[in-house]
Structure formats: C-alpha cells, structure tokens
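>
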Amino acid sequence: MKLLTHNMLSCHIKNVRNGYPFLIEVVKVSEHEADFDPDFLKHIFPRINWPAFLQGAQSLGCREGLPEEAAESMLEDEGFLKRFHHALLEVFLEEGSLVCPETGRKFPVTKGIPNMLLNEDEC
Amino acid sequence: MGKGERPEHMAPPDIFYNEDEARKYTTNSRMINIQSTLTERALELLALPQDGLPRLLLDLGCGSGLSGEALSEAGQVWVGLDISAAMLDVAHEREVEGDLVLGDLGHGLPLRPGSFDGAISISAVQWLCNADRAGHDPRKRMKRFFETLYMSLRRGARAVLQIYPENHKQAEMLVAAAMKVGFSGGLVVDYPHSTRAKKYFLVLMVGTSISVPTAKGLDGGEPEDEEEEAAAEHVQVAGRDRNKRRRTGSGKGDGKGREWVLRKKEQMRKKGYDIAPDSKYTARKRKRVV
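As given, the protein sequences belong to chains Y and B, one line each in that order.
Mapping of the first sequence onto UniProt numbering: position 121 corresponds to residue 121, and the numbering continues sequentially without gaps.
Mapping of the second sequence onto UniProt numbering: position 44 corresponds to residue 44, and the numbering continues sequentially without gaps.
1) Taking the runs of the alpha helix (DSSP H) that are 4 residues or longer, which of them lie wholly in the stretch 9-88 of chain B?
2) Since residue 265 of chain B sits in a beta bridge, which residues does DSSP pair it with?
3) Check whether the Cβ atoms of residue 82 of chain B and residue 102 of chain B sit closer than 9 Å, and answer yes or no.
4) Among B:273, B:269, B:288 and B:265, which one has its Cα closest to the Cα of residue 282 of chain B?
5) State the CB to CB distance for the pair residue 57 of chain B and residue 118 of chain B, rounded to an integer number of angstroms; the pair is presumed to be in contact (CB under 8 Å).
6) Counting only C-beta atoms, is residue 81 of chain B closer than 9 Å to chain Y at any point?
7) Determine the extent of the alpha helix (DSSP H) in which residue 119 of chain B is found, giving its start and end residues.
8) Shorter than 9 Å from the beta carbon of residue 111 of chain Y to some beta carbon of chain B?
9) Identify the residues that DSSP records as bridge partners of residue 21 of chain Y: which are they?
10) Which residues in chain Y sit within 8 Å of residue 92 of chain B, going by Cβ to Cβ distance?
11) Buried or exposed, going by whether 16 or more other CB atoms sit within 10 Å of the CB of residue 267 of chain B?
12) Would DSSP call residue 113 of chain Y helix, strand or coil?
13) So which residues of chain B does residue 47 of chain Y contact, with C-beta pairs closer than 7 Å?
14) What does the Cβ neighbour count give for residue 6 of chain Y, buried or exposed, with the cut at 16 atoms within 10 Å?
15) If contact means a Cβ-Cβ distance below 7 Å, which residues of the stretch 23-54 of chain B contact chain Y?
16) State the DSSP-derived secondary structure class of residue 163 of chain B, mapped to helix, strand or coil.
17) With a Cβ-Cβ cutoff of 9 Å, do residue 261 of chain B and residue 202 of chain B count as a contact?
18) Quick check: the Cα distance between residue 229 of chain B and residue 60 of chain B, rounded to an integer number of angstroms?
19) Put residue 175 of chain B into one of helix, strand or coil per three-state DSSP.
20) Look at residue 21 of chain B and residue 68 of chain B and say whether their C-beta atoms are less than 9 Å apart.
21) From this set, B:174, B:213 and B:259, which residue's C-alpha is nearest residue 41 of chain B's C-alpha?
22) What does residue 40 of chain Y touch in chain B if you count any residue whose Cβ is under 8 Å from its own?
23) Check for me: the beta strand (DSSP E) holding residue 185 of chain B runs from which residue to which?
24) Under the three-state reduction of DSSP, which class applies to residue 83 of chain Y: helix, strand or coil?
25) Starting from residue 140 of chain B, follow the beta strand (DSSP E) in both directions and report where the run begins and ends.
26) By the 10 Å Cβ neighbour count, where 16 or more other Cβ atoms means buried, how is residue 2 of chain Y classified, buried or exposed?
27) Would a C-beta distance cut-off of 9 Å place residue 89 of chain Y and residue 34 of chain Y closer than the cut-off?
28) Would you identify the three-state DSSP class for residue 164 of chain Y, choosing helix, strand or coil?
29) Grouping DSSP H, G and I as helix and E and B as strand, with all else coil, what is residue 221 of chain B?
30) Could you confirm whether any beta carbon from chain Y is found closer than 9 Å to the beta carbon of residue 119 of chain B?
31) Residue range of the beta strand (DSSP E) that residue 370 of chain B falls in?
32) Any beta carbon from chain Y within less than 9 Å of residue 7 of chain B's own beta carbon?
33) By alpha-carbon positions, which one of Y:123, Y:10 and Y:23 ends up nearest to residue 93 of chain Y?
34) For a test of the three-state rule: what should DSSP assign to residue 1 of chain Y, helix, strand or coil?
35) Out of B:86, B:53, B:48 and B:78, state which residue places its alpha-carbon closest to the alpha-carbon of residue 64 of chain B.
36) Between which two residues does the alpha helix (DSSP H) containing residue 41 of chain Y stretch?
Here it is in structure tokens:
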C-alpha cells in the first residue's frame, strides 16, 4: 500500500467521527520504482493532507527531506517533486496494520493489501 | 457457469470468488476480453476531461485487476476495492499498478471526503441486492454504499457502475437508492434489443446535472426497440414517478358504498344484533374536522 492510498483512507466504523488519519504499525516496508509524472503530482498535491502524509512517511521511514509545511509554490522545485514522488508512490507498506486513531481498532495489512472488512456490530 | 445461472444465487461473493474462480479471470481469454471492453466503455461514459492528465480513480469490485489494467493503459491512477481475498491475491501476483484494498461495498467505503476524481465498477454492484448473511439488509447496505461513494467523490465527478440486474426491479432499486443520497444521472442501456450484448451502466454524477449520455445500439426502428427505450426511460425517471404515485395515492379510497353497508346491516339484523336504523346519514362520508 502506497502513502497515496493511506492519505485517502479513513476509518468507516459506524459512529466514528475522527477516523483520520490511520496510524501505521510497520512490520515490513518495500520499495518499487514508479514512473515519475510531474503532472500527476501537481494534480494530486492540493488534495494531499500534508500532516497525515508526513505522519505516514515518518512511520515508513521516508520522511527525510520533506518540509514541515508544504505550499503550492514548492511544486516548481524539481528536488521537492522527486522526494514527494518517492514517498507518495514508491514506498510500500507490505506487512503491518492500520490503526484507527479513535477506537484503536487494527486493520491488518498483508501482502500490501489492507483488510478493511468490518464485523457486523461495527457497521 | 451455465446459461441462466447467476453467481449471486450460488454463494456470497467472498466465497464464490475462490482460488479456482479467480484463476479463470486470468486464463480465460473470453472473460478477459469482456472485462476490458466493459472497462473501456465505462471510461468513455466517465467522460474525464481530455487534457492528458492522469486522474485518481476508484475501481469498485476490482477483482483480479483486469479492469484496473485497462485503467492503467489509459494512463489513470487507481485504487481497487474488492471483497474476495482470492481475487486480490491474483491481482497482487500479476503486479497491477493500482493499490488494492480488501473491503465490503455494503459496509461503506473507507475513504475520506472528496478524494477521488471518479469511480468505475464492472459487474459488482448487483451483489448488493443480495442478503447473504443473517442481519444483511440490502436496502441499508445500498444506502451506506451510495452515501460513502457520494462523499468520496469530488464535485463534478462521475461514477459509472456496470451492473447485471436480475430484473427490472433490481435496476430500479439501485437507481432509486443512488438518487436518494443526492446523485443525479440514471441508467444507460447499451444494445437494449439484444439479449446477449445488452449492458446496463448506472451513470451517476455528483453535483452539476448533465444529461445522461446516450446508449449504444439504439438505432433500429423495430417496434420492440421503442419498448426497450421506453423501459430505459422509465428507469431514469424512477424518482419522479414515485412522488407522483404518493401524491395521487392519498385521494379517495375505494370505499364499499351505501348499498354494501345496507346489505351488511340487514345481514347483522338477521343474526339478531342490535343495529342502528337506516337513515339518510347511513354510509355518508364524515365531514372533515380541521
């Protein structure tokens, strides 16, 4: 699972109000190269929740070089784009779990696939 | 699967799509062909702006990633959701480009609001019409699904859901559930007069209401065509029809009439009951007291 997906996921247990962002428990991380596409990065940037992204990057160990605050103007900087691209699309959580920040419910991640199935009493 | 058997009737989706069934979706060229044709058509109906920019799309019921591959080929970035772990395993093995999430559409989508540019779904959403477990309420599950789908899309985004409804009622139920949560749009039926090629696409829009795209294969001019078109038309306006029925329904009920009341009273008198004498007020409607 990429950090892009992590950024879009939110806990959907019934009556959970603050289910975003998921905390990440890491067992195994991997890296795969992905095509560098500045257009997509610029398109998606305004939608990325930056604090959640930093928090995820911290857990996966690819926080280095990412600024505390990000602004639209940084997208002109090639170096920033490269680091953004790497953390967003090239680092994968292979094994571990996503933890709901409100309830502490763990959603296991195996083979890079988070299991978001709920029990009947949760939906 | 033979003709006339529906997978929905055999087992719940997480059981039905086991390793064997999942394997079919990568080895059977006919299945692969159908899936990618449907995906291409869905993309066409999604009507993304033609500026060459990759969009972030949602693939609901992505299965082994056949539809996802067609999306990648079209240069889009996607996230897939499916309920079958076996199908997702196959997708993982095939190293599809999109991220995969194991989840049940009926539980709602675990996504934050306004995160996606569009959504497609190939042959998956009709599963929501089934109650596979005790405590499953199809209407509730549909509502939850459409609510969370509506939320997760950006304004002006579309969702194109290709479905195999079992009958007209199912299609109407799905359309009604989608309209109820605020989607605009309706059902597009491709090749309506062919039993085999007929395909249903639920085209849903968030916010701005654009007219529903036209279906393929509507030309012909045989009378049965018109019937089918009328049927498709009917589904599109399901919401409005329902309101109309409600409005007229509350008028005069078909009462039994004075004659019937007199006869009944006579019968009861013969049985020896004490019955009020007949008068000009008998069986008259009560005045409405406001």
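Glycine included, every Cβ here is placed at the ideal spot set by N, Cα and C.
Keep in mind that this is a model prediction, so the values were computed, not measured.
Walking through what the data contain:
1) 13-16, 19-27, 29-46 and 66-73
2) None, per the DSSP bridge assignment.
3) yes
4) B:265
5) 5 Å
6) yes
7) Not the alpha helix (DSSP H): residue 119 of chain B falls in the beta strand (DSSP E), residues 116-122.
8) yes
9) The partner list for residue 21 of chain Y (beta bridge, DSSP) is empty, contrary to what the question assumes.
10) 111, 112 and 113
11) exposed
12) strand
13) 115
14) buried
15) 53 and 54
16) strand
17) no
18) Low confidence applies to residue 229 of chain B: its pLDDT is 44, below 50, so where it sits in the model is not reliable enough to give any reading.
19) helix
20) no
21) B:213
22) 53, 54 and 77
23) 184-190
24) helix
25) Careful: residue 140 of chain B lies outside any beta strand (DSSP E), inside the alpha helix (DSSP H) at 138-152.
26) buried
27) yes
28) This structure leaves residue 164 of chain Y out entirely; chain Y is present only between 1 and 123.
29) Bear in mind that a pLDDT of 40 at residue 221 of chain B, under 50, signals an unreliable position, so the model cannot answer this.
30) no
31) Residue 370 of chain B lies beyond the residue range present for chain B, which begins at 1 and ends at 290; the question has no answer from this structure.
32) no
33) Y:23
34) coil
35) B:86
36) 38-44
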